[in-house]
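Chemist: Handing you this structure, nothing more for now.
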Amino acid sequence: MNKKISVLQQFSNSRNTRKFALSTFSGLNFIEVIQHSEHVFNVKLNRPEIRNAFTLSFWREVRSVFDHLAINSKCRSIVLSAAGKSFCAGINLKAGSDQLSAIVHNNTLDTGRKSLKLRELIATCQDSFTSLEKCPKPVIAAIHGHCIGAGISLIAAADIRYASKDTVFSVKEVDIGLAADVGILNRINKLVGNDSLTREFAYTARDFNSSEALKYGFISRQFDSTEECLSAALSLADNIAMKSPIAVQGTKLAMNYSRDHTIDDSIQFIRTWNQSQLQSDDLFRASAAAFSNEKPKFDDA
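Right under this line is the structure:
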């Protein structure tokens, strides 16, 4: 199918039918969005000439794209990939330094006002990556080449991570004189169970490859090539998209909530969630399909 798209405009047709018009994203300079199949969208980092290094505009585009897909009922799962030899080389140091200097060396501002502007800048970058986590649709990262600094923070916010054998990861920020502040330090220990090794990576900025990442539990599958990795991620996304969107989105919300709350709080959360969601048609359609050995079809949500 593979349609390049951007803004997804929803409009009603009848009581039981929804239609969607796909129009091109306006003003995107860093990202390409491709409709892989009816319910699967491929978000591709698309500045290979700078190894997909992040600028402030790049961060804003990520937020915009995932916010659109989050509310597009046609979208049921998302694959995040990248063009070129590297998935992401971190932040664009020249652009980042210029942005920082414009605030830090602004002699018209006192320390308090400089701090507020820096806080706002950091929040913009943090919220960009958190948009993957807040998106109710599962996000599968298909990673290759270098994935360092901001890149590893980005994929830490995805639901599932696949990588090709050539992938090199690094929590790079200490090498450029700062503590990572866009998510990796906050998420990685909740993704894996080895605090000692996590601290080694974060304190030293040393590289680790996809084999070590697989053993460490940071990725769930490893592939011989970039193409195989992306193909497998898209296949998984297609599989997920066949399931009830009510069930899948509820599952993501419940798992995210459980990660940050007690078991008792989490059980109460899913109890409250399902008191409404058990009334959807999807439960009955799935049950009927199981008895008839047919694949169920679900309405968009």
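With the first letter of the sequence shown counted as 1, position 200 gets the number 200 in our numbering; the numbers rise by one all the way through.
Backbone N, C-alpha and C fix where the C-beta goes; we use that ideal spot for every residue, glycine too.
Taking contact to mean 3 or more Cβ pairs, one atom from each stretch, closer than 8 Å, check whether the segment 84-94 and the segment 51-58 are in contact.
Modeler: As far as the Cβ criterion goes, the segment 84-94 touches the segment 51-58, which means the pair count is three or higher.
Chemist: Which first and last residues belong to the beta strand (DSSP E) in which His304 is found?
Modeler: Shown here, the chain extends from 1 to 301; a query on residue 304 therefore has no answer.
Chemist: If you draw a straight line from the C-alpha of Ala83 to the C-alpha of Asn46, how long is it?
Modeler: Approximately 5 Å, taken between the alpha carbons.
Chemist: So, at 7 Å on beta carbons, what are the nonlocal neighbours of Asn92 in its own chain, with the 5 sequence-adjacent residues on each side left out?
Modeler: For Asn92, where only same-chain residues beyond five positions count, the Cβ hits under 7 Å are Ile50, Ala53, Phe54 and Thr55.
Chemist: Is there contact here, the segment 128-147 with the segment 155-162, by at least three beta-carbon pairs under 8 Å?
Modeler: Verdict: yes, contact present.
Chemist: Closer than 8 Å is the cut-off here; do at least three beta carbon pairs connect the segment 166-182 with the segment 209-224?
Modeler: Verdict: yes, contact present.
Chemist: Going by the CB atoms, is the gap between Phe66 and Cys368 shorter than 7 Å?
Modeler: It is not possible to answer for residue 368, since the shown part of the chain is limited to 1 through 301.
Chemist: Could you tell me which uninterrupted beta strand (DSSP E) segments, each at least 3 residues in length, are contained entirely in the segment 83-135, listed from first to last along the chain?
Modeler: Runs found: none.
Chemist: Reducing DSSP to helix, strand and coil, say where Phe208 ends up.
Modeler: It is a strand residue.
Chemist: Check whether the segment 268-282 touches the segment 67-83, counting contact only when three or more Cβ pairs, one atom from each stretch, lie closer than 8 Å.
Modeler: Flag = no, the segment 268-282 and the segment 67-83 do not touch.
Chemist: What ranges does the beta strand (DSSP E) occupy inside the segment 221-281, keeping only unbroken runs of at least 3 residues that lie completely in it?
Modeler: Taking only runs of at least 3 residues, the beta strand (DSSP E) segments lying wholly in the segment 221-281 are 221-223.
Chemist: Any idea if Asn293 is buried or exposed, counting beta-carbon neighbours within 10 angstroms, 16 or more meaning buried?
Modeler: Exposed.
Chemist: Measure the alpha-carbon distance for Gly151 versus Phe291 and round it to whole angstroms.
Modeler: Taking the straight line joining both Cα atoms gives about 45 Å.
Chemist: Would you check if the distance between the CB atom of Ala304 and the CB atom of Gly193 is smaller than 7 Å?
Modeler: For residue 304 there is no data in the structure shown, the boundaries of the chain being 1 and 301.
Chemist: Taking the beta carbon of Pro48 as the centre, do at least 16 other beta carbons fall within 10 Å, making it buried, or is it exposed?
Modeler: Pro48 is exposed by the Cβ-count criterion.
Chemist: Do Ile246 and Asp300 count as a contact pair if the criterion is CB distance below 7 Å?
Modeler: No. Outside cutoff.
Chemist: Between the C-alpha atoms of Ser244 and Gln268, what's the straight-line distance to the nearest angstrom?
Modeler: Taking the straight line joining both Cα atoms gives about 22 Å.
Chemist: In its own chain, which residues sit with a C-beta less than 6 Å from the C-beta of Arg285, not counting the 5 before and 5 after it?
Modeler: Contacts found: Pro296.
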